[in-house]
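**Student:** Just so you know, full-length UniProt numbering puts 212 at position 212 of the sequence shown, and the rest follows in order with no gaps.
All C-beta atoms, glycine included, are put in the ideal place defined by N, C-alpha and C.
Remember, predicted model here, so these are calculated numbers, not experimental data.
Right, I'll just put the structure down here and ask away after.
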Amino acid sequence: MSERKVLNKYYPPDFDPAKIPKLKLPKDRQYVVRLMAPFNMRCKTCGEYIYKGKKFNARKETVQNESYLGLPIFRFYIKCTRCLAEITFKTDPENTDYTMEHGATRNFQAEKLLEEEEKRMQKEREEEELNNPMKVLENRTKDSKLEMEVLENLQELKELNQRQANVDFEAMLKQYKELEEEQRRREQEEDEQEMKAMLEQAQNRRLLEDSDSDEEPTKARPNPTAQSKPTDILQEDPQPQSKRPRMESWERSVGKLSTKAQLAGLVARRKEKEKEKADPALENRMETRGTTASTGSLPAAAAATSSLGLLGAYSDSEDSASD
Numbered sequence: 001m002s003e004r005k006v007l008n009k010y011y012p013p014d015f016d017p018a019k020i021p022k023l024k025l026p027k028d029r030q031y032v033v034r035l036m037a038p039f040n041m042r043c044k045t046c047g048e049y050i051y052k053g054k055k056f057n058a059r060k061e062t063v064q065n066e067s068y069l070g071l072p073i074f075r076f077y078i079k080c081t082r083c084l085a086e087i088t089f090k091t092d093p094e095n096t097d098y099t100m101e102h103g104a105t106r107n108f109q110a111e112k113l114l115e116e117e118e119k120r121m122q123k124e125r126e127e128e129e130l131n132n133p134m135k136v137l138e139n140r141t142k143d144s145k146l147e148m149e150v151l152e153n154l155q156e157l158k159e160l161n162q163r164q165a166n167v168d169f170e171a172m173l174k175q176y177k178e179l180e181e182e183q184r185r186r187e188q189e190e191d192e193q194e195m196k197a198m199l200e201q202a203q204n205r206r207l208l209e210d211s212d213s214d215e216e217p218t219k220a221r222p223n224p225t226a227q228s229k230p231t232d233i234l235q236e237d238p239q240p241q242s243k244r245p246r247m248e249s250w251e252r253s254v255g256k257l258s259t260k261a262q263l264a265g266l267v268a269r270r271k272e273k274e275k276e277k278a279d280p281a282l283e284n285r286m287e288t289r290g291t292t293a294s295t296g297s298l299p300a301a302a303a304a305t306s307s308l309g310l311l312g313a314y315s316d317s318e319d320s321a322s323d
């Protein structure tokens with residue numbers, strides 16, 4: 001089997017390309033091509049606008065008996081996108097453009113119309129100069145005047161450029177920078193003065209507050225330097241250690257007797273201790289009754305009885321030590 005895609009085909013030794021029959025195609029044969037509209041146009045049938053660059057499936061043919069310097073001219077057939085009317089235009093190699101034939105009108109060709117008008121005026125002038133020599137002289141004088149005006153305008157422009165060239169732009173920029181720096185310096189000074197005034201006002205207000213606080217009785221303030229740890233704040237007592245009364249262990253468990261009448265019955269002299277030894281139970285009952293009658297509360301009575309027991313034990317120990 002031979003390859004499907006080959007570059008060199010086999011030609012037999014008796015191959016003669018002249019013997020190959022040629023297809024006889026007509027010269028005005030049309031081809032279907034894909035093209036874009038070369039310019040803006042408007043359909044004459046329905047008035048639809050066709051903008052430049054719109055794509056069409058067109059038919060192309062070679063124009064017969066027309067050429068420019070041996071270059072063939074082609075004609076294209078397209079259809080309007082709205083009414084399907086046929087529009088034709090052909091190439092213009094002389095002006096490197098396209099020309100509209102029929103079916104639509106070309107839009108936005110002001111530049112082309114201006115060029116055509118200039119060419120027409122130039123042709124008319126040449127025709128007038130051929131038949132009228134005075135017209136030639138008149139046209140020359142007009143041209144000379146126009147040329148003088150152009151030269152004068154050019155000279156004015158040159159003088160204006162020279163005057164502008166004498167201006168020292170570096171000096172202007174330097175002066176502008178100096179003014180800007182001076183303005184910035186002035187703004188900084190104003191800001192500093194304003195800051196000083198604000199600081200003075202704050203200091204005066206602080207001095208007034210300090211003087212008012214000196215007239216009032218000074219209050220004890222906690223010393224922040226005494227706290228070495230952050231957790232010491234939680235362990236700090238509301239009253240200082242020196243002002244708090246010492247609390248005994250029995251006071252913590254039983255309670256505290258605040259009145260002197262309650263403590264009077266608890267104190268016993270040493271001479272009376274011998275009398276108490278005779279009947280300690282009776283004395284204890286009497287004292288407990290007196291304490292309960294004076295206090296009138298159960299916690300205080302319990303505290304009194306417990307304190308009496310402790311004092312009795314303490315007196316017994318003292319007697320044993322003296323014996």
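Figure out for me which residue from C46, R34, S67 has the closest Cα to the Cα of G53.
**Tutor:** G53 has its Cα closest to that of R34, out of C46, R34, S67.
**Student:** Once the 5 residues before and after E61 are set aside, which same chain residues still bring their CB inside 6 Å of it?
**Tutor:** Closer than 6 Å at the Cβ level, and outside the excluded window around E61, lie D28, Q30, R75.
**Student:** Rounded to a whole number of angstroms, what is the C-alpha to C-alpha distance between N40 and Y51?
**Tutor:** Rounded to the nearest angstrom, the two C-alpha atoms are 5 Å apart.
**Student:** Please work out which residues of its chain come closer than 7 Å, Cβ to Cβ, to A226, disregarding the five sequence neighbours upstream and downstream, and give them in chain order.
**Tutor:** Confidence at A226 is low in this model, with a pLDDT of 49, below 50, so its placement is unreliable and the value that follows should be read with caution. Taken in chain order, the list of residues that qualify is empty.
**Student:** Which same chain residues end up closer than 6 Å to residue 359 when comparing Cβ atoms and leaving out the 5 residues on each side of it in sequence?
**Tutor:** Outside the modelled stretch of the chain, which goes from 1 to 323, sits residue 359, for which no answer is possible.
**Student:** Helix or strand or just coil, what does DSSP make of T81?
**Tutor:** Three-state result, T81: coil.
**Student:** I87 and G70 - do their beta-carbons sit closer together than 8 Å?
**Tutor:** For G70 and I87, no; Cβs fall outside 8 Å.
**Student:** Could you check which residue in Y176, P38, R186 has the C-alpha nearest to that of F108?
**Tutor:** Closest by alpha carbon: P38.
**Student:** Is the beta carbon of E94 closer than 8 Å to that of Y68?
**Tutor:** Contact flag set, yes.
**Student:** Would you decide whether T91 is buried or exposed? Buried here means 16 or more other CB atoms lie within 10 Å of its CB.
**Tutor:** Buried, because 16 or more other Cβ atoms sit within 10 Å of the Cβ of T91.
**Student:** If V32 and N57 are in contact, beta carbons under 8 Å, what's the gap, nearest whole angstrom?
**Tutor:** With 8 Å as the limit, V32 and N57 qualify as a contact, their Cβ atoms being about 6 Å apart.
**Student:** Are the beta-carbon atoms of C80 and T105 separated by less than 8 Å?
**Tutor:** No. Outside cutoff.
**Student:** Should F89 go down as buried or exposed, given a rule of 16 or more other Cβ atoms within 10 Å for buried?
**Tutor:** With 16 or more other Cβ atoms within 10 Å, it is buried.
**Student:** Determine, using beta carbons only, whether residue 366 and N139 come nearer to each other than 8 Å.
**Tutor:** Here the chain comprises residues numbered 1 to 323, so residue 366 is not present and cannot be evaluated.
**Student:** For the alpha helix (DSSP H) containing D143, name the first residue and the last one.
**Tutor:** Segment 133-166, the alpha helix (DSSP H) holding D143.
**Student:** Measuring straight from C-alpha to C-alpha, what distance separates P238 and R185?
**Tutor:** In this prediction, P238 has a pLDDT of 49, which is less than 50 and means its spatial position is unreliable; what the coordinates show is noted afterwards. Using only the alpha carbons, I get a separation of about 57 Å.
**Student:** Excluding sequence positions up to five away, which residues of its chain have a Cβ less than 8 Å from the Cβ of residue 329?
**Tutor:** Since the first residue shown for the chain is 1 and the last is 323, residue 329 is missing from the structure and cannot be characterised.
**Student:** Give the straight-line distance between the Cα atoms of P240 and S211, rounded to the nearest whole angstrom.
**Tutor:** Low local confidence applies: a pLDDT of 49 at P240 is under 50, so the model's placement there is unreliable, with the coordinate-based value given in what follows. Answer to the nearest angstrom: the Cα atoms are 28 Å apart.
**Student:** Just how far apart, CA to CA, sit D168 and L179?
**Tutor:** Spanning the two alpha carbons is a distance of roughly 17 Å.
**Student:** Using DSSP bridges, identify the partner residues of F39.
**Tutor:** None; F39 has no bridge partner.
**Student:** Taking C-alpha atoms, which residue in A85, R59, E66 lies nearest to Y77?
**Tutor:** For the residues A85, R59, E66, the minimum Cα distance to Y77 belongs to R59.
**Student:** Once you ignore the five residues that flank V136 on each side, which residues in its own chain have a CB closer than 8 Å to its CB?
**Tutor:** Excluding residues within five positions, the ones whose Cβ falls inside 8 Å are E129.
**Student:** Which term fits C43, buried or exposed, when burial requires 16 or more other beta carbons within 10 angstroms of its beta carbon?
**Tutor:** Classification for C43: buried.
**Student:** Since D97 is in the beta strand (DSSP E), which residue starts that stretch and which ends it?
**Tutor:** Segment 97-102, the beta strand (DSSP E) holding D97.
**Student:** Considering only residues of the same chain and omitting the five flanking positions on each side of K55, which have a CB-CB separation below 7 Å?
**Tutor:** Answer for K55: R34, M36, listed in chain order.
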